[in-house]
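Colleague: Here you go, one structure.
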Amino acid sequence: MTKKTIGLEKNLYNYLLSVSLREPEILNQLRQETAQLPMAIMQISPEQGQLMALLVKLLGAKKTLDIGVFTGYSSLSVALALPADGKIIACDVSEEYTNIARRYWEKAGVADQIDLQIAPALETLDKLLAAGEGENFDFAFIDADKGNYENYYERSLQLIRPGGLIAIDNVLWSGKVADPEIQDNQTKKIRAFNQKLHQDPRITLSLVPIADGLTLARKN
Ligand code: CA
């Protein structure tokens, strides 16, 4: 995984940030704190958070899914872009990392808009479907275990409304997807996932080469 946009040389990347990044102070603090963790690489890049916030505003989203919370950068970026009555269902299995997320949600004043479910995300998504929440969501961000991407995607597709958007992270997988020598399970799963979406007539598709690759899939 990489935090900087693949293929964008460092000076140009820094220039891009210098003329476009408008990271709120609270997100900057969260990014600094997360950078101290051994798994810091799992945090999304700030320009990606900003893009997601813009998409959420364009959609007029009120209800969203955050599948894979980690320390909460994506959920906080989205929460700050939602209206006051907006809501996020956030899915993660780690108490340790989401404790950091919770602290920042509190600080930012959005904690009551984020419903954190500590459980395997598939269970949470299946519960939502069973509770009749199909097509009740506007936006979903998928950034959890790559082996389950297809499952998260299929459930998200049922949970979001027509015209809603699913954003899927790490689809370029540090470039490994394009290297035929690399045949580990995670890389193979992401390749298969990308191929599946390419052929999927249920969505309008764009793979954006921001950070580690972000697929945007609009439900038709
Ligand atoms: Ca990620």
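Sequence positions in the sequence shown follow our numbering and run -16 to 203.
Glycine included, every Cβ here is placed at the ideal spot set by N, Cα and C.
Verify the contact flag: residue 167, CB atom, against every heavy atom of ligand 1, threshold strictly below 7 Å.
Modeller: No, ligand 1 has no heavy atom inside 7 Å of this Cβ.
Colleague: Throw me the rounded Cβ distance for the residue 127 and residue 104 pair, which I believe falls under 8 Å.
Modeller: Correct: roughly 6 Å between the Cβ atoms.
Colleague: Count the CB pairs spanning the segment 40 to 56 and the segment 121 to 135 that are closer than 8 Å, and state whether there are at least three.
Modeller: With the cut-off at 8 Å, the segment 40 to 56 and the segment 121 to 135 touch.
Colleague: Report the rounded CA-to-CA distance for residue 64 versus residue 45, giving the unit in angstroms.
Modeller: Approximately 10 Å between the Cα atoms of the pair.
Colleague: Residue 118: which of 83, 136, 143 sits nearest, CA to CA?
Modeller: Among 83, 136, 143, the Cα nearest to that of residue 118 is on 143.
Colleague: Count the other CB atoms, across all protein chains shown, that sit within 10 Å of the CB of residue 2; report buried if there are 16 or more and exposed otherwise.
Modeller: Flag for residue 2 reads exposed.
Colleague: Is the segment 27 to 34 touching the segment 69 to 84 in the sense that three or more CB pairs, one from each, lie closer than 8 Å?
Modeller: Too few Cβ pairs lie closer than 8 Å, so no.
Colleague: Expressed to the nearest angstrom, what Euclidean distance is found between the alpha-carbon atoms of residue 206 and residue 72?
Modeller: Beyond the ends of the chain as shown, which are -16 and 203, falls residue 206; an answer cannot be given.
Colleague: Would you say the beta carbon of residue 27 comes nearer than 7 Å to a heavy atom of ligand 1?
Modeller: Residue 27 Cβ: within cutoff of ligand 1.
Colleague: Am I right that residue 121 and residue 147 are in contact with their C-beta atoms under 8 Å? What's the rounded C-beta distance?
Modeller: Confirmed, about 5 Å.
Colleague: For a quick check, are the C-beta atoms of residue 189 and residue 124 less than 8 Å apart?
Modeller: Against a cut-off of 8 Å, the Cβ pair of residue 124 and residue 189 comes out as no contact.
Colleague: Got a sec: does ligand 1 put a non-hydrogen atom nearer than 7 Å to the Cβ of residue 177?
Modeller: No.
Colleague: With a Cβ-Cβ cutoff of 8 Å, do residue 35 and residue 61 count as a contact?
Modeller: Yes, they are a contact pair.
Colleague: Buried or exposed for residue 96, please, with buried defined as at least 16 other CB atoms from any protein chain shown within 10 angstroms of its CB.
Modeller: When all chains shown are included, residue 96 counts as buried.
Colleague: Tell me whether residue 68, by its Cβ, gets closer than 7 Å to a heavy atom of ligand 1.
Modeller: Answer for residue 68: no, Cβ out of range of ligand 1.
Colleague: What does DSSP give as the partner residues of residue 70 in its beta bridges?
Modeller: The partner list for residue 70 (beta bridge, DSSP) reads 46.
Colleague: Can you tell me which of the three DSSP states residue 155 falls into?
Modeller: Of the three classes helix, strand and coil, the one that applies to residue 155 here is coil, per DSSP.
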